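**Q** Residue numbers (my numbering): 13 to 435.
From the three backbone atoms N, C-alpha and C, an ideal C-beta is built for every residue, glycine too.
Values in this document were obtained by computation on a predicted structure and should not be read as measured data.
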Ligand SMILES: *Cc1c(COP(=O)(O)O)cnc(C)c1O
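(1) Can we count residue 443 as close to ligand 1, meaning its CB is less than 8 Å from some heavy atom?
(2) So for residue 400, helix, strand or coil by DSSP?
(3) DSSP three-state label for residue 42, please.
(4) Return helix, strand or coil for residue 163, following the three-state DSSP convention.
(5) Confirm, please, whether the CB-CB distance from residue 252 to residue 280 is below 9 Å.
(6) With respect to 8 Å, is the separation between the Cβ of residue 362 and the closest non-hydrogen atom of ligand 1 below this value?
(7) With DSSP run on the structure shown, which of helix, strand or coil describes residue 276?
(8) If we call anything under 9 Å between Cβ atoms a contact, is residue 38 one with residue 14?
(9) Please confirm whether residue 377 and residue 238 have their CB atoms less than 9 Å apart.
(10) Does DSSP put residue 414 in a helix, in a strand, or in coil?
(11) Identify every run of the beta strand (DSSP E) within the stretch 53-140, keeping only runs that are complete inside it and at least 3 residues long; order them along the chain.
(12) Can residue 116 be considered in contact with ligand 1, in the sense that its beta carbon sits closer than 8 Å to one or more heavy atoms?
(13) For residue 145, is the classification buried or exposed, using 16 other Cβ atoms within 10 angstroms of its Cβ as the cut-off for buried?
(14) Out of 343, 397, 390, 218, state which residue places its alpha-carbon closest to the alpha-carbon of residue 411.
(15) In chain order, what are the residue ranges of uninterrupted beta strand (DSSP E) at least 3 long that sit wholly in the stretch 262-311?
(16) Across which residues does DSSP place residue 378 in a beta bridge pair?
(17) Determine the DSSP secondary structure at residue 35, reduced to helix, strand or coil.
(18) Determine, using beta carbons only, whether residue 434 and residue 177 come nearer to each other than 9 Å.
(19) In three-state DSSP terms, what is residue 24?
(20) On the criterion of 16 or more Cβ atoms from any shown chain inside 10 Å, does residue 262 qualify as buried, or is it exposed?
(21) Using DSSP with H/G/I as helix, E/B as strand and the rest coil, what is residue 188?
(22) Answer yes if the stretch 148-165 comes into contact with the stretch 183-200, meaning at least three C-beta pairs across the two stretches below 8 Å, and no otherwise.
(23) Based on the DSSP secondary-structure assignment, which residues constitute the bridge partners of residue 50?
(24) Are residue 198 and residue 422 close, meaning C-beta to C-beta below 9 Å?
(25) Answer yes or no: the CB of residue 146 versus the heavy atoms of ligand 1, is any distance below 8 Å?
(26) Which residue wins for smallest C-alpha separation from residue 73, given the options 381, 342, 25?
(27) Less than 8 Å separating the Cβ of residue 404 from some heavy atom of ligand 1?
(28) For residue 151, tell me which candidate among 134, 123, 136, 168 has the shortest Cα-Cα distance.
(29) If I follow the unbroken beta strand (DSSP E) through residue 15, where does it start and stop?
(30) Determine the direct distance from the alpha carbon of residue 203 to that of residue 139, and round the result to whole angstroms.
(31) Let me check understanding here. Comparing Cα to Cα, which of 318, 406, 236 lies closest to residue 174?
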């Protein structure tokens, strides 16, 4: 399988090359040249996510450096459960929050980390991540202890207490830099500056690990494939998916899973009040804008980058338009949903958007993608449900670890100084 840019299809790359580059040279995102097709019947006896991951991912990954031990690599990446939990006869929740940082990003980030360790490079590999929270934690936890220098750049203001902990607790090969006088965009810009800086280029094989990386999207396809087959096996129906969405990487994985032949009826993208995606589906016009802060802050995206991949797909398969919808949910509706505790559950603010929309749609046979554990957002959730949450072991572990970070001024020279000359 080869990968091409969404902007020009003249040059194609292997999987590992696309992973190493992250973003295409022409500014586009990498997509598979052609999505493979699977017969879901073949999978109908499979029970674990790994049973699905290995055959699905091996149709994309053809690099010699990985192919032989793809199975071992998947085992190390997917080493936690992603259960489909039944709420009633026709509604299930796909719990994606049982990994080391208790959010769905663990699946993609852990697979990406395994792939990065296989990149053939003469220079040492360095992963640079500009992050405001969840991505940084998932990437750092996946790369901790590996022979890959990992640097997280995050704004020193506007990061929640828990997010701060999960950005600064990794040590070893992970350096955490709190950038003063900055915001998320400034941190991302620093990363981009390093990527084009000759000095950095000379010393390091630089790579990025944000959600545009193709490895993350492909790893996520596996849980949509698996849960749709499990759902179909039990109910005889192809489920619709409700996916809390920001950058739309997670929803895109669901769309690809449907295109690959898995029994999925439709996909609903649910956003917070950052409504570029619902507006696009309503008007047919793409108008990205700046983002607004909400209770579901990992979804505060005004210009979701993975829409470029979705547009590319819709050009080739316009019929997919019929099975996609998008809705926007307000902070008040998020609060109300958390307080209502549908099916007796406590929902994180992100998952709550999908739970709200599920109730509003009122139709049957749905899987709700639960993207994070509510314990990551105690400040928001506990007052609404009126009780203290019991944290899962992964989150307790993050809270108990020692923290270490450096403050750095918002320019590349200061970053270089702190990383290479101070310690
Ligand atoms: C990142 C994130 C999202 C949004 O996922 P996208 O792939 O960016 O659409 C939703 N919920 C949680 C908890 C997240 O961390």
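**A** In brief:
(1) With the chain covering 13 to 435 only, the question about residue 443 has no answer from this structure.
(2) Secondary structure at residue 400: coil, using DSSP grouped into helix, strand and coil.
(3) It is a strand residue.
(4) strand
(5) Closer than 9 Å, so yes.
(6) In this structure, residue 362 has its beta carbon less than 8 Å from a heavy atom of ligand 1.
(7) coil
(8) With contacts defined by Cβ atoms closer than 9 Å, residue 38 and residue 14 do not form a contacting pair.
(9) no
(10) coil
(11) 96-100, 103-107
(12) yes
(13) buried
(14) 390
(15) 278-283
(16) 103, 252, per the DSSP bridge assignment.
(17) strand
(18) no
(19) coil
(20) Counting Cβ neighbours within 10 Å, residue 262 comes out buried, since at least 16 surround it.
(21) When DSSP states are grouped into helix, strand and coil, residue 188 belongs to the strand group.
(22) yes
(23) For residue 50, DSSP assigns no beta-bridge partner whatsoever.
(24) yes
(25) yes
(26) 25
(27) no
(28) 123
(29) 15-17
(30) 10 Å
(31) Of 318, 406, 236, the residue nearest in Cα terms is 406.
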